[in-house]
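Enquirer: This is the structure, below, for whatever I ask next.
This is the structure:
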């Protein structure tokens with residue numbers, strides 16, 4: 001983590017990034033590490049990473065740093081997990097994708113709506129006679145705001161993706177994976193430094 | 205569809221390399237050095253049992269009476285032999301019956317490989333007969349599990365299972381094999397053991413700077429104190445540990461699963477930690493200046509109240525599992541690694557010392573405990589028999605050479621406190637999970653693991669009734685297990701708590717028992733019941749000298765309590781002697 005002065009007893013949002021093998025059952029193995037402590041996962045994204053056969057999880061929870069560190073170690077201990085990182089919101093760039101379905105006639109008739117969509121950076125994905133689907137990306141508050149705006153104009157349906165996050169300090173996983181594949185791993189992969197107090201925890 | 209395929213492929217056009225999944229499994233087990241399998245057949249694992257029929261000479265199978273018993277027997281085998289315990293069970297109820305043993309093995313880091321049969325792959329998810337989602341049921345209680353639906357996967361999955369079960373921090377692994385995969389013929393290319401999984405790092409790269417930091421802390425300590433756990437045994441680091449203790453001259457106390465890592469009578473072995481541990485080790489935890497924890501995980505039964513635990517001390521924590529470091533007690537110096545590797549590095553850097561005064565403090569506490577508690581417990585002159593004196597007399601006869609298997613409860617605490625262990629891997633008990641019913645089946649496995657040693661199972665009247673059907677396993681296998689039931693006619697530990705903390709409101713702890721001796725007799729096992737002190741030594745001698753299994757029931761004091769005790773919610777230094 002780049003930010004070393006995290007208040008360990010204070011709850012805040014943490015984004016946990018997990019690299020795993022693409023194996024059936026690993027999602028459950030990771031999920032129960034949260035549920036056994038009665039911790040709610042607020043958002044979860046699982047998708048293939050830039051490396052073939054390796055999946056990347058983004059898990060969003062609100063917890064104290066102390067608990068998150070313990071969770072991260074328990075996740076990393078799972079046989080099919082390669083690496084775990086956790087970050088505060090300051091350490092990451094993140095986005096959520098949102099889709100909004102609204103009646104087309106209100107879009108056409110009410111200029112106001114168009115302006116609102118522009119202001120919120122929404123793009124039209126599909127335009128049909130009966131409805132139009134807009135798309136926007138942003139933080140929770142931003143996508144929430146557009147819901148509020150569209151609600152009076154007959155918002156038909158809304159969906160939002162999980163958070164996906166890029167770690168600011170990360171150099172990616174490719175070089176790390178080559179280390180993992182060696183039978184006798186180098187110092188890099190056996191990251192004892194995550195035990196360091198002064199240095200970065202779970203450095204990439 | 206899969207069934208159709210299976211039916212087609214089982215019509216062989218035989219070539220030399222074509223074998224069924226079941227045969228590949230058994231070949232793999234033999235290649236891994238498996239000597240004995242504890243199991244129970246059933247519909248979905250029938251192809252494996254059919255193949256086993258031809259392997260009777262090469263692979264011993266012990267038919268248990270309940271699948272839970274198979275897991276505990278596997279545990280007992282693993283704990284005494286240091287090898288991986290192997291268990292077979294069928295799908296559905298067979299598989300769900302494994303859960304308690306898996307949970308026990310998971311929390312006590314016992315290497316097990318469990319093979320379960322599963323319904324045909326094409327029936328998965330259809331609520332087929334005896335189908336249960338064993339992978340998801342066992343996920344929280346296994347180190348790793350995997351479902352095989354194609355015979356081609358069997359050799360590699362089994363190799364991975366053994367590697368994972370025994371490496372790093374050991375644990376139970378389960379492989380669920382669908383019936384079609386067991387029957388399927390495939391090109392068997394031989395068994396290749398696994399020694400690398402890219403996402404799995406069982407052994408960390410030891411960082412010398414932490415070892416150096418730890419050594420510096422130890423060298424400057426005035427009142428250092430060693431806590432050791434099962435990690436020493438699991439890492440086969442007993443010699444390395446002894447060298448470290450003897451060079452450092454530091455008093456060392458054990459967790460219940462660490463017992464025997466150095467002999468009970470070693471001058472630097474100061475006793476047992478925890479809720480019913482010894483007086484000195486508990487009190488001194490809160491007055492030492494450096495606490496050196498080796499292969500132990502600071503269980504709450506060891507630490508008592510955490511916010512009053514060793515706050516004055518710098519903590520050095522040696523463990524192979526990074527998730528244990530800082531989990532309960534914050535480490536000032538984490539030494540992440542296999543203690544077989546880290547201990548010699550540490551021993552080299554520390555000064556040879558004798559902490560004479562500090563050790564004398566432990567002796568002083570021991571003297572108090574001996575006078576007030578231990579001597580009256582071990583050598584009572586009148587009144588009902590105590591559990592302590594039974595264990596004490598057993599020690600006299602076995603001279604600390606026996607393997608003591610205990611169940612869970614008061615007798616367990618007494619057995620672990622007072623049993624003498626000259627050798628490692630001699631104390632088999634359910635530590636983390638506290639599984640009543642563990643004792644009898646675990647003793648069976650313990651004997652298979654060490655056929656040349658005497659195995660004594662110390663069991664309470666409650667726990668015995670949870671798995672007494674395994675007397676059938678003893679009868680049929682002819683295994684030689686000495687069963688000692690310490691009968692206080694109560695669920696004693698709960699009764700003790702009800703007496704101390706619930707105003708003697710004895711709620712459902714009064715347990716009636718059958719005639720255990722007659723019960724044993726019905727299984728063709730000899731036995732005896734005694735209730736008088738004067739009969740004790742002769743009865744123990746008879747039990748130990750008896751050829752084959754024997755059940756000795758000793759009627760002990762009904763309302764006797766285990767002390768010392770750190771009451772729940774109290775600090776270790778608030779340990780009570782009465």
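Chains as they are written, first to last, in our numbering: chain A, 1 to 204; chain B, 205 to 782.
Just so you know, even glycine gets a beta-carbon here, dropped at the ideal spot from N, CA and C.
Whose C-beta lies closer than 7 Å to the C-beta of residue 590 of chain B among residues of the same chain, with five residues either side of it excluded?
Expert: 581, 584, 760, 761 and 764
Enquirer: What do you get for residue 705 of chain B, buried or exposed, if any count of 16 or more other CB atoms within 10 angstroms of its CB means buried?
Expert: exposed
Enquirer: Along chain A, in chain order, which residues have C-beta atoms closer than 9 Å to that of residue 531 of chain B?
Expert: 70, 73 and 74
Enquirer: Smallest Cα separation from residue 501 of chain B: which of B/521, B/487 and B/682?
Expert: B/521
Enquirer: What residues in the region 15–49 of chain A have a beta carbon less than 8 Å from any beta carbon of chain B?
Expert: 20, 21, 24, 25, 28, 29, 32 and 36
Enquirer: When the Cα atoms are used, what is the spatial distance from residue 444 of chain B to residue 545 of chain B?
Expert: 9 Å
Enquirer: So, with DSSP's three-state summary, where would you put residue 314 of chain B?
Expert: coil
Enquirer: I need the straight-line Cα distance from residue 153 of chain A to residue 381 of chain B, nearest angstrom please.
Expert: Each residue's alpha carbon lies about 56 Å from the other.
Enquirer: Leaving out five residues before and five after residue 128 of chain A in sequence, what residues of the same chain have Cβ atoms less than 7 Å from its Cβ?
Expert: The answer, listed in chain order, is 104.
Enquirer: Would you mind working out which of B/479, B/389, B/683 and B/690 sits nearest residue 223 of chain B, comparing C-alpha positions?
Expert: B/389
Enquirer: Should residue 77 of chain A be flagged as near chain B, meaning a C-beta pair shorter than 7 Å?
Expert: yes
Enquirer: Does the separation of the CB atoms of residue 59 of chain A and residue 41 of chain A fall below 7 Å?
Expert: yes
Enquirer: Rounded to the nearest angstrom, what separates residue 727 of chain B and residue 718 of chain B at their Cα positions?
Expert: 14 Å
Enquirer: State the Cα-Cα distance for the pair residue 118 of chain A and residue 124 of chain A, rounded to the nearest angstrom.
Expert: 10 Å
Enquirer: Should residue 486 of chain B be listed as close to the ligand COA, given that the test is whether its C-beta is under 6 Å from any heavy atom?
Expert: Among the ligands in the structure shown, none appear at all, so the ligand COA cannot be discussed.
Enquirer: With DSSP as the reference, please indicate the residues paired to residue 476 of chain B in a beta bridge.
Expert: B/458
Enquirer: Can you check which of these residues, B/461, B/754 and B/377, is closest to residue 834 of chain B by C-alpha distance?
Expert: Outside the modelled stretch of chain B, which goes from 205 to 782, sits residue 834 of chain B, for which no answer is possible.
Enquirer: Only counting the same chain, and skipping five residues up and downstream in sequence, which positions put a Cβ closer than 6 Å to that of residue 695 of chain B?
Expert: Excluding five sequence positions before and after residue 695 of chain B, the CB atoms of its chain that fall closer than 6 Å to its own CB belong to 666, 713 and 715, given in chain order.
Enquirer: Measure the alpha-carbon distance for residue 663 of chain B versus residue 338 of chain B and round it to whole angstroms.
Expert: 31 Å
Enquirer: Going by beta-carbon coordinates alone, are residue 112 of chain A and residue 149 of chain A separated by less than 7 Å?
Expert: no
Enquirer: Mind pulling the chain A residues with CB within less than 7 Å of residue 404 of chain B?
Expert: Residues of chain A passing the Cβ test: 79.
Enquirer: Measure from the alpha carbon of residue 682 of chain B to the alpha carbon of each residue in B/246, B/265 and B/254, then state which is nearest.
Expert: Residue 682 of chain B has its Cα closest to that of B/265, out of B/246, B/265 and B/254.
Enquirer: Does residue 771 of chain B come within less than 7 Å of chain A when only Cβ atoms are used?
Expert: No, no contact with chain A.
Enquirer: Determine contact between the region 431–446 of chain B and the region 386–400 of chain B, defined as no fewer than three beta-carbon pairs at a distance below 8 Å.
Expert: no
Enquirer: Is the beta carbon of residue 277 of chain B sitting closer than 7 Å to the one on residue 689 of chain B?
Expert: Pairing residue 277 of chain B with residue 689 of chain B gives a Cβ-Cβ distance that is not under 7 Å.
Enquirer: With a threshold of 7 Å between beta carbons, is residue 343 of chain B in contact with chain A?
Expert: Against chain A, the CB of residue 343 of chain B has a partner CB under 7 Å away; the residue lies at that interface.
Enquirer: I need the DSSP call for residue 513 of chain B, collapsed to helix, strand or coil.
Expert: coil
Enquirer: What is the DSSP secondary structure of residue 47 of chain A, reduced to helix, strand or coil?
Expert: strand
Enquirer: Which residue's Cα is closest to the Cα of residue 222 of chain A: A/91, A/120, A/114 and A/133?
Expert: Because chain A spans 1 through 204 in this model, residue 222 of chain A falls outside it and cannot be assessed.
Enquirer: Got a sec, what are the start and stop residues for the beta strand (DSSP E) residue 66 of chain A sits in?
Expert: From DSSP, residue 66 of chain A is part of no beta strand (DSSP E) but of the alpha helix (DSSP H) over 65–76.
Enquirer: Evaluate residue 298 of chain B with the Cβ neighbour count: other Cβ atoms within 10 Å of its Cβ, from every protein chain shown; 16 or more gives buried, anything less gives exposed.
Expert: buried
Enquirer: For the region 535–553 of chain B against the region 404–417 of chain B, are there 3 or more C-beta pairs whose distance is under 8 Å?
Expert: yes
Enquirer: Pick out the complete alpha helix (DSSP H) segments inside the region 524–605 of chain B, 4 residues or longer, and give them in chain order.
Expert: 543–553, 560–573, 579–582 and 591–602
Enquirer: With contact counted as at least three CB pairs below 8 Å, one residue from each stretch, are the region 11–27 of chain A and the region 46–54 of chain A in contact?
Expert: yes
Enquirer: Unbroken alpha helix (DSSP H) runs of length 4 or more, entirely within the region 670–738 of chain B: which are they?
Expert: 675–681, 696–705 and 720–726
Enquirer: Taking the DSSP output, what are the residues bridged to residue 165 of chain A?
Expert: A/94
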